[in-house]
Structure formats: C-alpha cells, structure tokens
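Structure first, commentary second.
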Amino acid sequence: MTRASPLGKVYLIGAGPGAQDLMTLRGARLLAQADVVLHDALVTPEMLELCPQALMIPVGKRCGQLSTAQDFIDKQLVDNARKYALVVRLKGGDPMLFGRADEELRALEEAGIDVEVVPGITTALAAAATTRQPLTKRGVARSVAFFTSSTAPTHPGQLAIPDCDTLVQYMGGREAIITAQRLLELGRRADTPVLVIENCSRVDQRVLRLDLGALAQGLGDTRGPVLVMIGEAMQARSRQDIESDKGDRAAHGRSA
C-alpha cells in the first residue's frame, strides 16, 4: 500500500541462518504484511515465499563479490518508507551482529522514520545446535567471541584475534586459514578441535571436523556462507557424534 504521508515504518528483521522454520513468528508475521522487502543475498528463496505480496528489492552484500553499496541501501530504505506503510529490511542471521544495522538505523533515524528491530537466530547458535556442540562447556570453555576478518587475505597483519576459549569466525572461508596460522603462532595447540559449517541449517549444509593444524594447511572449496568454530568445546563427545553428523542433518531435512 503506497502512501504519501505520514511516513511508513521500517522493520530490520533477522531471517535466521537459512531454514524457513527457524525464523521467529514475529518476523514471519511482519513479512506477510510487508509492502516492500529489501533482502540480503544470504536470504534463502524459501524465506521469500513468506511474502509473495511484497515488492522484492535485492540488496545483497557478499564478501569478495559484487554487492550493493551501503549508501544506496540506506537511501532505498528512506525512500521506500516515504512511499509505503510497511517496509522490511530482511537480513540473514540477526540484524545486530555483522549486519550493518548501525548504518541503516542511523540513516532512518536521521530521516525521522520509525524503525524497529526484530531479532533472528544468529548462525553461530544455529551451528552449535545442528552439530550438538555447545559453545561453552563447564571447566573447559567459559568465554566466546564472535568475529570476522574480511581483510585478512590481503592484510594478514591487521587480523586481531580475540582472546577467548571458543572462537567463532563468521564469513570464514579463506580468512579462517589465516586465523588458524595466526593462532598457531600465538601458541594454540595444533590439535585444537575445529568445526567448519557451510550453509548452516539449509538443505545443502556441510559439516567438517578437523583440527587447527589441518585448517592452517588449507580449506577445500566452499560455495556458501561458512562459519568456523575453534576451541576445546568443539571436541566430539565420542566417535558416534562424528558418525552421526550427516545422519542427524538428513533426519531434520536440512542437509544433502
């Protein structure tokens, strides 16, 4: 529904890690009411099925690929809020974690547009759930850090790694190799457990268990978003846990 005045309202909604049924009820309800949806590249097609009535505007941002400039996205949000009653900015994971929410909130607030944030399940928590590997473990891991380092491949000296028991690197891929090398230089043991999750919660999800030394040697080709979890909390409880990774994902209908 278009409207000249008053201004519409914008919702920054977290789509979660990918699977449609992992979105919050509130987020799904607002999507079904949306006039316009500006969505990220990481938002799955099945998620967009929740809003067939809306005008779809892709504003994807992917590391290492052509992406929409943030200034353009900010302007699109403001312009659409001046034209439509309910505008959704749909982001993968949670809007407030590596989602550039600060820039978009700032642009909307400066334009006097009402805005609300609807949280989503961030990929780290979904990955911990799908692999049955808690990020914290009594007596082993009591601190967790989420971080990213998109500049690591070309500027490895700029990579600052948090000092925590469990490290979760978003947008891992090639950057995780440099992270592993740096951790080894800092004294982390080469046999420190590592979990690599690609396309978390989606039908083509892949899980790789290895150690820090192996990660430092390289990572095979990946085609989707990659999350890397490093630390003693990632130690498999038994051989059965390793063998059951694929079976569990297939049983939930979220892995090939």
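Going by this note's numbering, the letters in the sequence shown line up with residues 92 to 347, in that order. Beta carbons are placed, not taken as given, at the ideal position from N, Cα and C, and that holds for glycine. Bear in mind the structure is a predicted one, so any value in this text is a computation, not a measurement.
Asked: Limits of the alpha helix (DSSP H) - the one that T270 falls within; Found: G264 to E276
Asked: Local conformation of F189 per DSSP, three classes; Found: coil
Asked: Reduced DSSP secondary structure (H/G/I, E/B, other) of G105; Found: strand
Asked: Start and end residues, alpha helix (DSSP H) containing Q260; Found: Element bounds for Q260: not the alpha helix (DSSP H) but the beta strand (DSSP E), T257 to Q260.
Asked: Beta-carbon contacts of N171 that lie in its chain and below 6 Å, excluding the five residues immediately before and after; Found: V127 and V178
Asked: Extent of the continuous beta strand (DSSP E) run through P149; Found: L146 to P149
Asked: Beta-carbon proximity of L318 to I288, cut-off 7 Å; Found: yes
Asked: Same chain, Cβ closer than 8 Å to D282, five either side skipped, listed in chain order; Found: D302, L303 and G304
Asked: Beta-carbon gap between L141 and I212 smaller than 7 Å; Found: no
Asked: Residues sharing a beta bridge with G184, DSSP; Found: G107
Asked: Range covered by the alpha helix (DSSP H) that runs through V169; Found: Q161 to A172
Asked: Exposed unless 16 or more other CB atoms sit within 10 angstroms - verdict on S329; Found: exposed
Asked: For S240, the nearest candidate out of L129, I268, P143 and G184 (CA to CA); Found: I268
Asked: Buried versus exposed call for S346 [16 or more other C-beta atoms within 10 Å across all chains shown]; Found: Note on S346: pLDDT 36, under 50, position unreliable in the model; no value is reported.
Asked: In chain order, each beta strand (DSSP E) run of at least 3 residues that lies wholly inside the region 296 to 335; Found: 297 to 302 and 317 to 321
Asked: CB-CB length for I204 against L98, believed under 8 Å; Found: 5 Å
Asked: Residue ranges of each beta strand (DSSP E) within the region 195 to 220, 3 or longer; Found: 205 to 209
Asked: DSSP state of L226 mapped onto helix, strand, coil; Found: coil
Asked: Close beta carbons around A217, own chain, < 6 Å, minus the five adjacent residues each side; Found: P108, C291 and S292
Asked: Among L286, G311 and L146, the one whose alpha carbon lies nearest that of A327; Found: L286
Asked: Neighbour-count burial assignment, Q308, 16 or more Cβ in a 10 Å radius; Found: exposed
Asked: L129 versus M262 - alpha carbon distance; Found: 21 Å
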